[in-house]
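J.: Numbering (the working numbering), first residue to last: 257 to 594.
What follows is the structure in structure tokens.
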């Protein structure tokens, strides 16, 4: 029996058919979800072009983003986030292992969890579901669905199924997580698992800093890869400028690794335009031989008050090694949230 996988044209048709429903989103959201709830439809199209080989790959995404705060007698009980996304790949050469090939469509889970906050006025919460691994700069900045990314590629996983304890104290924020290690798939195949966490200063300050750890076996297409990593990160806002830094040491599959990352970003006065430049460095030691690679990224993002978002980014190597090759990549994305 032939299995049908929807292509980009089917995703577009589905989106267009939902327009009458979407246009009445505010009233429908209140009726279906009650108070303290918001939801939106998220659609995007992305081009990735290898400027050396002239290879083009496309990614089409259609998702639902639901955010709901549950309360009882003027007291918050917890927060639900529900984000199922349909992702369609076309002509992709490098794909996550849960896709069959570079022309596949899969249902993915971005962030889908419930954070129980009624225990100690936000100082001790319990989160269950699919959430971002608490580690480094990625923990503070929401980069889901954007071209702008930080360092999760080195760890091989960004979000995972599991449980965490988290909270906000007067002088620090923390999250400690035990997760499955399988990413999008909730599976025990090859027994993946991750113990991770981050402890840092309050995120609403102009200057923040944090300490993170990441230990466990991450599921891949051929089994699992062991990771051991300790990292520090810092962020500083100066008027419309943001300076970010992250550095880590550890092991990957038994090989010693070092990673560093820095970003300078400028944000427009109305917060509709952002430009940034990133520098990254990787070092790995295999059988008494060291390989290192570095890269730079420049990018921009513009969004308006009506949900339109246009972004572009270019990534290129400064130097590379046989085991740490970096492909030049030009990315352009159009996104709409309603």
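Even glycine gets a Cβ: it sits at the ideal position worked out from N, Cα and C.
On a predicted model such as this, the values are computed, not experimentally measured, just so you know.
(1) Rounded to a whole number of angstroms, what is the C-alpha to C-alpha distance between residue 510 and residue 321?
(2) Across which residues does DSSP place residue 473 in a beta bridge pair?
(3) How many whole angstroms separate the CB atoms of residue 389 and residue 424, which I take to be in contact at a CB cut-off of 8 Å?
(4) Enumerate in chain order the residues of its own chain whose CB-to-CB distance from residue 524 is below 8 Å, with the five nearest sequence positions on each side excluded.
(5) Run through DSSP, which three-state label would residue 579 get?
(6) Quick one: give me the first and last residue of the beta strand (DSSP E) that residue 321 is part of.
(7) What span of residues does the beta strand (DSSP E) with residue 331 cover, start to end?
(8) Spell out the partners DSSP gives residue 303 in its beta bridges.
(9) Nearest by alpha-carbon distance to residue 571: which of 404, 561 and 542 is it?
(10) Look at residue 537 and residue 504 and say whether their C-beta atoms are less than 7 Å apart.
(11) Got a sec, what are the start and stop residues for the alpha helix (DSSP H) residue 408 sits in?
(12) Could you spell out where the beta strand (DSSP E) holding residue 422 opens and where it closes?
(13) Is it buried or exposed, residue 458, if we count other Cβ atoms within 10 angstroms and call 16 or more buried?
(14) I think residue 593 touches residue 296, with their Cβ atoms under 8 Å apart; what is that distance to the nearest whole Å?
(15) Buried or exposed: residue 349, going by 16 or more other Cβ atoms within 10 Å of its Cβ?
(16) Taking three-plus beta-carbon pairs below 8 Å as touching, is the region 578-588 in contact with the region 419-438?
(17) Below 8 Å CB to CB, which residues in the same chain sit around residue 352 once its five sequence neighbours on both sides are set aside?
(18) In angstroms, rounded to a whole number, what distance separates the CA positions of residue 456 and residue 437?
(19) Rounding to the nearest angstrom, what Cα-Cα distance links residue 462 and residue 357 in this structure?
(20) What's the C-alpha gap between residue 520 and residue 554?
(21) Taking the C-alpha atoms as reference points, what is the distance between residue 566 and residue 493?
(22) According to DSSP, is residue 492 part of a helix, a strand, or is it coil?
(23) Assign residue 487 to buried or exposed, taking buried as 16 or more other Cβ atoms, counted over all protein chains shown, within 10 Å of its Cβ.
(24) Which term fits residue 482, buried or exposed, when burial requires 16 or more other beta carbons within 10 angstroms of its beta carbon?
(25) Using CA coordinates, which residue listed in 366, 383, 368 and 367 is at the minimum distance from residue 206?
(26) Indicate the three-state DSSP secondary structure (helix, strand or coil) for residue 441 in the structure shown.
(27) Quick one: what's got a C-beta closer than 6 Å to residue 394's C-beta in the same chain, skipping five residues either side?
(28) Relative to the C-alpha of residue 337, which residue among 311, 293 and 327 is closest?
(29) For residue 387, count neighbouring Cβ atoms within 10 angstroms of its own Cβ and tell me buried if that reaches 16, exposed if not.
(30) Let me know if residue 543 comes out buried or exposed under the rule of 16 or more other beta-carbons within 10 Å of its beta-carbon.
(31) Check the C-beta distance from residue 588 over to residue 568 and give it rounded, since I have them as a contact under 8 Å.
(32) What does a CB cutoff of less than 8 Å around residue 264 pick up in its chain, not counting 5 residues either side in sequence?
(33) Using 10 angstroms around the beta-carbon of residue 477, count the other beta-carbons present and answer buried if the total reaches 16, otherwise exposed.
(34) Skipping 5 residues on each side, what residues in its chain have a beta carbon closer than 8 Å to that of residue 480?
(35) Alpha carbon to alpha carbon, what distance is there between residue 333 and residue 279?
(36) Do you know offhand how far residue 213's Cα is from residue 329's?
T.: Quick look at the numbers:
(1) 39 Å
(2) 449 and 482
(3) With 8 Å as the limit, residue 389 and residue 424 do not qualify as a contact, their Cβ atoms being about 19 Å apart.
(4) 496 and 530
(5) coil
(6) 311-328
(7) 331-346 is the extent of the beta strand (DSSP E) around residue 331.
(8) 314 and 588
(9) 404
(10) no
(11) Residue 408 -> alpha helix (DSSP H) spans 408-411.
(12) 415-424
(13) Exposed is the call here.
(14) About 5 Å; that satisfies the 8 Å criterion.
(15) exposed
(16) no
(17) 439 and 440
(18) 23 Å
(19) Linking residue 462 to residue 357 through their CA atoms gives a straight-line distance of about 43 Å.
(20) In a straight line, the C-alpha of residue 520 is about 10 Å away from that of residue 554.
(21) 24 Å
(22) strand
(23) buried
(24) Around the beta carbon of residue 482, a 10 Å sphere encloses fewer than 16 other beta carbons of the protein chains shown; the residue is thus reported as exposed.
(25) For residue 206 there is no data in the structure shown, the boundaries of the chain being 257 and 594.
(26) coil
(27) 406 and 408
(28) Of the candidates 311, 293 and 327, the one whose C-alpha sits nearest the C-alpha of residue 337 is 293.
(29) Flag for residue 387 reads buried.
(30) exposed
(31) 5 Å
(32) Residue placement at residue 264 cannot be trusted, given a pLDDT of 48 that sits under 50; what the coordinates show is reported in the next sentence. Counting only Cβ-Cβ distances below 8 Å, and skipping sequence neighbours, we find 301, 314, 316, 344 and 346.
(33) exposed
(34) In its chain, beyond the 5 residues on either side, 437, 446, 447, 448, 473 and 474 have a beta carbon closer than 8 Å to the beta carbon of residue 480.
(35) Legend: pLDDT at residue 279 = 47, less than 50; position of this residue unreliable, no value from coordinates given.
(36) Residue 213 lies beyond the stretch modelled for the chain, which goes from 257 to 594, so this question has no answer here.
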